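Numbering (the numbering used here), first residue to last: -14 to 158.
Here a beta-carbon is modelled for each residue, glycine too, at the ideal position from N, C-alpha and C.
All values reported here derive from a predicted model rather than from experimental measurement.
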């Protein structure tokens, strides 16, 4: 079951979401931070399971060239209750300009921190990313019962555009 605006307001009251966000009928918009990061592989190759160096910058505006990719972050830190999960979706108004907003898409019960987004400019024109713009929306869903083991993984508490930590997964350790 998707949590409606009334339930989202309760999440704000209970401290799971910060105040001042634009709440829609069934989602809440999150804004872009000033943190950007992108992979800079040593051998011009990315091998899954091996750590990849990243370039990090903090700036109020970031120029994303056509057909380029960058990690970004929501300005807001959120917490997901133990009896809910959430989905991050791009905003239609952003997608219609050729900017694809992704993340893994799913946020587990118990996650806390800023959300790292994968942004790709699919247009033929440079796009200026500005701190504070409403970049994505989050949809909360009610689980049938609280998680027995809420999220306590490698991205918990993340701040800023956080690179992949795939190399710490058990199959690569």
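For residue i, the nearest candidate out of the options (CA to CA)
i, options, result
"residue 124", "15, 5, 3", "15"
"residue 149", "39, 119, 128", "39"
"residue 55", "156, 91, 4, 107", "107"
"residue 90", "74, 20, 83", "74"
Cα-Cα separation between residue i and residue j, rounded to whole angstroms
i, j, result
"residue 48", "residue 113", "5 Å"
"residue 86", "residue 105", "7 Å"
"residue -5", "residue 18", "24 Å"
"residue -13", "residue 139", "27 Å"
"residue -1", "residue 101", "23 Å"
"residue 32", "residue 22", "18 Å"
"residue 4", "residue 30", "42 Å"
"residue 57", "residue 130", "32 Å"
Per DSSP, the bridge partner or partners of residue i
i, result
"residue 64", "97"
"residue 102", "57"
"residue 14", "122"
Residue interval of the alpha helix (DSSP H) (run including residue i)
i, result
"residue 139", "Here residue 139 belongs to no alpha helix (DSSP H), and DSSP marks it neither H nor E."
"residue 108", "That residue, residue 108, is in no alpha helix (DSSP H); it is neither H nor E in DSSP."
"residue 180", "No answer is possible for residue 180: it lies beyond the span of the chain, which begins at -14 and ends at 158."
On the three-pair Cβ rule with 8 Å, is the segment 70 to 89 touching the segment 103 to 118? yes
Is there contact between the segment 93 to 105 and the segment 132 to 146, where contact requires at least three CB pairs shorter than 8 Å? yes
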